[in-house]
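These notes are about the structure you will find just below.
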Amino acid sequence: MLAACSGGPVQEQAEEGAVRVDCAVTPGSDFAPDCLVELDGDTLVIRHPDGSFRRLVRDGDGFASADGAAEPVMGGADDRIEFTVDSARYRWQKGQLDGR
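Position one of the sequence shown corresponds to residue 6 (the numbering used here), numbered consecutively onward.
Pasting the structure below:
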């Protein structure tokens, strides 16, 4: 006899409308479009491929931690947002999240 899991609703990783961005979340990894960003007002939730996430708030031209984690270290270029939190790195084009 075979047992099966129930066919209950599947929990999506991110809300509908989340934006895919480049990230490198493990030490030594290369950037890849593996993270999803949900934006709600000035709050961002960045979801990692393994299901973990970071919650940030907009702070002027950058971001600040919204959950007591390490503070983001901003970098990047004129056309790109780029920052690091602990060993995780994130980047996207300026304006990529506008209207979300």
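We put the CB at the ideal spot given by N, CA and C, even for glycine.
Buried/exposed call for residue i, threshold 16 Cβ in 10 Å
i	result
R52	buried
P14	Unreliable positioning characterises P14 in this predicted model, as indicated by a pLDDT of 42, which lies under 50. The coordinate reading is nonetheless provided below. It is exposed - the Cβ of P14 has fewer than 16 other Cβ atoms within 10 Å.
E21	exposed
Residue j beta carbon less than 7 Å from that of residue i
i	j	result
R63	A71	no
P54	S92	no
V50	W97	no
V24	L102	yes
Residue i - DSSP class collapsed to helix/strand/coil
i	result
Q101	coil
D55	coil
F36	coil
E43	strand
E76	coil
E20	coil
Close-in-space but distant-in-sequence residues of the same chain around residue i (CB under 6 Å, 5 per side omitted)
i	result
G1	The chain is shown from 6 up to 105; residue 1 falls before or after that span and cannot be answered.
C28	D39, C40, Y95
E76	S70
E87	G80, G81, R96
Close beta carbons around residue i, own chain, < 7 Å, minus the five adjacent residues each side
i	result
T48	R60, V62, A71
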